[in-house]
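Visitor: Structure provided below as structure tokens; questions to follow.
Residue numbers (the numbering used here): 2 to 403.
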């Protein structure tokens, strides 16, 4: 079965609910000549991919960096986000003179397939029915997301990437790139990631999905046809997930047991504590920029991620490749000591497999008690490690400095 989308010219903002592409954003129709196969057995095409770029592609086309976003991220990695009005999610890292230096590198960031910020996803219109896809959208995987990104690079005329990097789900994509397209990746930086999604993380995602599906306004995924949205369910899913992104010390340092706008307990179920008010705010703000069905699909893609599934769990064999040769990709893995969602042992397992495959790999654990979100926050040691690795590899590849 082929899932198709209407043709769309580059630079045209996609239509449909929960869609917003800033003037600096781009979109392109891909797989127009031949549908792209998906791991689920279906195919999709044509489909729209929304992305942003920063910096200048050099004459040799050798300085491109692909940044892969996390679950609730998008293509607006820096600048001002068009929905929230806040800085892009990695503005601390991306820009002139920053660790990912746009005076030196050409940076690409695309909204993932199945997303809700311009790239085709379940909120888009199914041309076969004239209604939003909803749950008729095909189930997608991390590998499918990467396959779509490869088509985007083809469109941009970029044969190989200097680097692919990302945190959390972005780390999954970076790893998948290194395995599926090693000839197109010079170096990869998986940050706060894992080679497969753990049972704990699958369980946590299931709680969020059930919160959405239990909302009577979800309408079995057809809420767009009812002019409705499962705002409460999506907000609860976000609240539950947000707890996992932090650490207990970080929560205690930020909130403790401080009361919210009151001097004494209210003896009710209002938000007595600051931490309750904070989570409610996170939930309500999230529903303004994210689609509930997209949340279901993207969390499912993370759940299905298992880099060694096709090799019976033999992760070193994955990095050796079909011909038994070690991967040419140069790796730098980064983890955070306070991250309990993707703990350091997950990164160490990847490093161990890469070492067994005789790969070129570096590994750093950053001492931080900020939890999984540390890769999004100001961490000088993290910034220094990332900048040092990229600068060193750029010099090795002959990419001139700014």
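Every residue, glycine too, gets a C-beta built ideally from N, C-alpha and C.
1. Measure the Cβ-Cβ separation of residue 131 and residue 76 and say whether it is below 9 Å.
2. If we ignore side chains and look at the alpha-carbon of each, how far apart do residue 69 and residue 149 end up?
3. Start and end of the alpha helix (DSSP H) containing residue 50?
4. Counting along the chain, where does the alpha helix (DSSP H) carrying residue 64 start and finish?
5. Using only alpha-carbon positions, find the residue among 236, 44 and 65 that is nearest to residue 141.
6. Check whether the Cβ atoms of residue 210 and residue 238 lie closer than 9 Å to each other.
7. With distances taken between CB atoms, is the gap from residue 81 to residue 55 smaller than 9 Å?
8. Residue 96 to residue 144, Cα distance in whole Å?
9. State the CB to CB distance for the pair residue 294 and residue 153, rounded to an integer number of angstroms; the pair is presumed to be in contact (CB under 8 Å).
10. Confirm, please, whether the CB-CB distance from residue 275 to residue 256 is below 9 Å.
11. How many Å lie between residue 36 and residue 47 at the Cα?
12. Return the CA-CA distance between residue 39 and residue 270, expressed in angstroms with no decimal places.
13. Just how far apart, CA to CA, sit residue 392 and residue 162?
14. Which same chain residues, not among the five before or five after residue 399, have their C-beta less than 6 Å away from its C-beta?
15. Using C-beta distances below 8 Å, list every residue in its chain close to residue 386, excluding the 5 sequence neighbours before and after it, in chain order.
16. Name the two residues that bound the continuous beta strand (DSSP E) containing residue 365.
17. Excluding sequence positions up to five away, which residues of its chain have a Cβ less than 8 Å from the Cβ of residue 176?
18. For residue 57, I'd like the list of residues in its chain whose CB is within less than 7 Å of its CB, leaving aside the five on either flank, ordered along the chain.
19. Helix, strand or coil: how does DSSP classify residue 280 here?
20. Could you work out which residue in 281, 119 and 261 is closest to residue 51 when comparing CA atoms only?
21. By alpha-carbon positions, which one of 180, 147 and 87 ends up nearest to residue 310?
22. Could you round the C-beta distance between residue 173 and residue 306 to whole angstroms and report it? I think they count as a contact, below 8 Å.
23. Out of curiosity, what's the CA-to-CA distance linking residue 376 and residue 326?
24. Can you give me the start and stop residues for the beta strand (DSSP E) that residue 73 sits inside?
Guide: A quick look at the data gives this:
1. Cβ atoms of residue 131 and residue 76: not closer than 9 Å.
2. Spanning the two alpha carbons is a distance of roughly 12 Å.
3. Note, residue 50: premise wrong, no alpha helix (DSSP H); beta strand (DSSP E) at 48 to 55.
4. From DSSP, residue 64 is part of no alpha helix (DSSP H); its letter is neither H nor E.
5. In terms of CA proximity to residue 141, 44 leads the group 236, 44 and 65.
6. Taking 9 Å as the cut-off, the beta carbon of residue 210 is found closer than this to the beta carbon of residue 238.
7. No; because the gap between Cβ atoms is not below 9 Å, this pair is not in contact.
8. Whole-angstrom Cα-Cα distance: 28 Å.
9. That pair is no contact at about 23 Å.
10. Cβ atoms of residue 256 and residue 275: closer than 9 Å.
11. Using only the alpha carbons, I get a separation of about 6 Å.
12. Answer to the nearest angstrom: the Cα atoms are 46 Å apart.
13. Distance between the alpha carbons of residue 392 and residue 162 is about 15 Å.
14. Around residue 399: no qualifying Cβ.
15. So the list reads 333, 335, 365 and 367, once near-sequence residues are dropped.
16. Element bounds for residue 365: 361 to 367.
17. Counting only Cβ-Cβ distances below 8 Å, and skipping sequence neighbours, we find 189, 191, 194, 196, 308 and 351.
18. Cβ within range, chain order: 107.
19. Reduced to three states, the DSSP call for residue 280 is helix.
20. Nearest to residue 51 by C-alpha distance, out of 281, 119 and 261, is 119.
21. Checked all of 180, 147 and 87; the closest Cα to residue 310 is 180.
22. Contact annotation, residue 173 with residue 306: C-beta distance approximately 5 Å; criterion of less than 8 Å satisfied.
23. Roughly 32 Å between the two C-alpha positions.
24. Annotation for residue 73: no beta strand (DSSP E) segment contains it, and DSSP assigns it neither H nor E.
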